[in-house]
Amino acid sequence: MKLLQSRAALAAALACAALFAACDGSGNPFTAVPVPGGPTGAGADSTRPTVTIVLPDTATDNVAVGDSVFVRARVTDNVGVQSVTLEGYAIRGNPTLGTARRVDRFGTKTVELRAGGRLVRDTVIDRFLIATSDTVPEGGVFVVVTARDTAGLASADTVQVTLGGPRISVQTTEASYFAGTQMQVRIAASDTRDLLSSVTVNLSGGVQLNQVIQFPSARASFDTTLVIPIPLAARGQVRVSATTTSGANLVGVATPVTVVLKEPEVDRVAPKATIQLSIPGRVEQQDSFAVQVTGVDENRVDSVGVTVLAIRRDLPTPDTLRAFVGRGAVANGTFRFAVADLGLDPYQTYDIDFEVTGWARDVQGNCGAATRENTPQELPCTVTAAGYRLSTGAGRLLKMFVARGVTIDRPGTGGTDVIADLVADSSRVYLSNYTRNRVEVLPLGSLSYGTPVAVGSQPWGLALGRFRDSLYVANSGGTNISVIPLSGPTLREAEARRIFTPNERLFGVIYDIESGEASSVSLHDYSDRPQFLAQASNGLLVYSTRPTAAARDGTVRIYDQRKLRSEIFIGYVDRHTSGRAVVVNADSAFYRPPGQILVCPRRRLGDAVDPGCIAGRPQPVADSLAKLRALPPNAAGGRYDTRVDIGADVLEVGFADTTFVAASTDRRYVAVGEGVRENARIPLFEAVGDSLVMRGDVRDLISNAAERVIGLGINRDGSLGVARGTQAYFFDRTLRLQGVMESGSPTGGVAMHPENANYPSGPLRLSFVSGIENGRPYIDVLNTFNFFRVKRIFIRDPVVGALAVAPRAPGDPAAVNLRLYALTTTGVLSLPVTNADLP
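Residue numbers (my numbering): 2 to 840.
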């Protein structure tokens, strides 16, 4: 007999008092009691049966409320067992007060062993006792097994269980399994009150396993199916048990399940293998590719693997560069390989053929191969002398192009940040991070970014200062420009130097050309948000403004940091439109009937009061303003700058998005190129004294090449520029077209070689133009005098933004002449250009 709880003596005493049963010294109220009318006299059976409860035991004595309890008991008798009764109940109340009573917690079951007409002397009884409707959690619940023999003698055994805590169950899909296959075990547990903290699964016998599943956070339920491999040599039985622990530290125990392991069947059927390929058609040498192999077998897959043969077929004799081999003791595996393991020259491009064979093996050694993507196959396998597996036929053929350069991911999760522009100096590449309001810093030759620099809202265009000691950042989310000094050990914005650009407006005038009388004055407000910019050699900033929903036209602005003055530049607007005029740099302008305009000039720098307004017909007002501008400067050097441009139509001022700005290396010339418009305008400015003068007639270029500009570059001294449209065309400092190059479809930026100068006599005549042709992105090296392609460098992804030239990085081989950096569809391209690329 057993008592499994510390409250056993007290419970036994209560049972004695309540049931008036005879108790032995242990306090067990179920000691054998003589039955009236039992056998007497010589030869009568006087030996009571023996009862031993095997389950529940100390590991299974916690039962969830409402769950059945599994009882296993061994019963023996010297003559024969008549019946066995199984019951479970609690004793509630106080025996001293006479209130003790029995409360059934489980239904009683009686097993009659003489029903078959034979004597049973030794047996094991397994039964589930079904829970009653009582839902009170409590401890000290008795589980009692009583046996009576054929002579009427009785004996009993008892254990105590606790009702409450979590519940858990174990199920297997089969009662027996073949060795070498796999067993599926379902574990389900729940505790809605105290929640579950862990589950432990234990297998003993022919398969050994002890797995603890610890939950990261408490949960009310858990239901999963474990797939457990059965070793080929496993035999006998496997006992599967499980426990779960609640948040109140109560342990729930599942009723164990026993399964039988059978001798393995002879298996001659190969498993089916399926391959899924992640092999891009265009890669860089730092990239990788992957093959997923899945095996399916009627018993169990032992392992899967893949063999990838990399072959160059562009040689006189095909050359297998490498056999990529992957293997794993799994039924589903993904194998990743590095392109760099091919050992290719990083300054060349290659066409590589891949032959891919996936395979799966079962525990019997049968092998099935697959060479068709997403199709289960069981082709015969063969093992080469080198030890890798192939099919008896050719593998799945794929072609890979290995391009030049290395692409660095954009910042942000998954490289999702928007980079709007980039520029490079002698040591770093700077990138405007539109998403995070900062400038990213990439050391030359590095694959990782340095510490970013916080700037204003939605930074877009970047420009190095005229002395290359500062970086200007156009904050397109506002109306200001950040300045970052580049000479210190730590880069940060000079907050006191941030440039806050004023609002600028123009006034359109309509007048009669015969009488000279005005008929209207209209106010035209434009976007003030800076987009692209450059600094001229005299310190003036030239920047384009970004159109918005409220202000649909952008403009070209000139900002003087010394005078804190800006103006909308309209020098590119034709002056031959009859009956039209534009008022520039005025505080205000009005129509004054009959036929007059009233213009109020803005004050000079250093003046304390505004000048008087000027009224009259448009031409006389223009003449009066010209005299005002001719006055000597004041003590602060300020001059009047308000004017009326007769013949200019205000409707021709606005620029469409996007308007590019480029400067010559010596900063003497600055060009502006209008994007998103065919027949685009490209004004070119020259820094003269303390002002900018437009050079050339922009209409000459437009009439010779009606192109939409998507990239713009100027050489070192401004003697030659390049604009990228559907073709690349080159212009001199008077904006006369010098040559045109067909260069595939346009995608993004252009750049001039930093030593390209003195056109047409300069010795170095190279530029760089991006594009795409037949699906292959590239950067062309072009001759800018004879206008032919020197070299086409194929890259992985199309250039879609700025293209910048940088010097060789520290540690670059002597063969590297310079580096190109560009914004592509996937990141930032770093492309070493060799001496062989620039003959």
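Ideal Cβ positions, reconstructed from N, Cα and C, are used throughout, including at glycine.
Determine which residues share a DSSP beta bridge with D123 and list them. T77
Quick check on V689: buried or exposed, where buried means 16 or more other Cβ atoms within 10 Å of its Cβ? exposed
Using a Cβ-Cβ cutoff of less than 7 Å, which residues in the same chain neighbour G26 once the five nearest sequence positions on both sides are dropped? Low local confidence applies: a pLDDT of 38 at G26 is under 50, so the model's placement there is unreliable, with the coordinate-based value given in what follows. Result list for G26: empty, nothing under 7 Å.
Look at the Cβ atom of I773, then the Cβ atom of S744, and state whether they are nearer than 7 Å. no
Helix, strand or coil at T275 [DSSP, three-state]: strand
Can you find a CB in chain C that lies within less than 7 Å of the CB of A724? Here chain C cannot be found, since the structure has a single protein chain.
Cβ shell of A33 (< 7 Å), same chain only, five flanking positions each side left out: For A33, the predicted structure reports a pLDDT of 41, less than 50, and the residue's modelled location is therefore unreliable. The matter cannot be settled from this model.
How many Å lie between V424 and V403 at the Cα? 27 Å
S625: first and last residue of the uninterrupted alpha helix (DSSP H) it sits in: P619 to R630
CA-CA distance, V160 and R75? 14 Å
CA nearest to the CA of D667, picked from R717, S692 and E687: R717
Straight-line gap, A370 to V292 (C-alpha atoms, nearest Å): 14 Å
Member of S665, N787 and T826 whose CA lies at the smallest distance from the CA of A752: S665
When DSSP labels each residue in this structure, what does D701 get in the three-state scheme? Residue placement at D701 cannot be trusted, given a pLDDT of 48 that sits under 50; what the coordinates show is reported in the next sentence. D701: helix per DSSP, three-state reduction.
My guess is that L863 and G237 are in contact by the Cβ rule of under 8 Å, so how many angstroms apart are they, rounded? Any property of residue 863 remains undetermined from this structure, which presents the chain solely from 2 to 840.
Relative to the alpha-carbon of V543, which residue among R530, D135, I559 and D529 has its alpha-carbon at the smallest distance? I559
DSSP state of D611 mapped onto helix, strand, coil: coil
Can you tell me whether D342 is helix, strand or coil according to DSSP? helix
Would you mind stating whether D127 and R168 have Cβ atoms separated by less than 7 Å? no
Return the chain-ordered ranges of every beta strand (DSSP E) run that is complete within the region 203-273 and spans a minimum of 3 residues. 210-220, 222-230, 237-247, 252-254 and 258-263
So what does DSSP say about D838, is it helix, strand or coil? helix
For the beta strand (DSSP E) holding S170, just list the boundary residues, first then last. R168 to T173
Residue burial classification, R553 (beta-carbon count within 10 angstroms, cutoff 16): exposed
Under 7 Å between C-beta atoms of T275 and P377: yes
So, helix, strand or coil for L487, using DSSP? coil
Quick check on the DSSP output: the beta strand (DSSP E) that includes G674 runs from which residue to which? Y670 to E675
Rounded to a whole number of angstroms, what is the C-alpha to C-alpha distance between V673 and T358? 55 Å
Using the C-alpha atoms, what's the distance from H525 back to N438? 30 Å
Please report how far the alpha carbon of A421 lies from the alpha carbon of K792, in whole angstroms. 28 Å
For D575, is the classification buried or exposed, using 16 other Cβ atoms within 10 angstroms of its Cβ as the cut-off for buried? exposed
In terms of residues, what are the limits of the beta strand (DSSP E) holding K400? R397 to V403
Expressed to the nearest angstrom, what Euclidean distance is found between the alpha-carbon atoms of T53 and A148? 10 Å
Is the beta carbon of D78 closer than 7 Å to that of Y115? Residue 115 is actually Arg in this sequence, not Tyr. No, the pair does not count as a contact, with Cβ atoms beyond the cut-off.
Buried or exposed, going by whether 16 or more other CB atoms sit within 10 Å of the CB of P595? exposed
Could you check how far apart the C-beta atoms of A387 and L343 are, in whole angstroms? I think they sit under 8 Å. With a Cβ gap of about 17 Å, A387 and L343 do not count as contacting.
CB contact flag (R240, T259, <7 Å): yes
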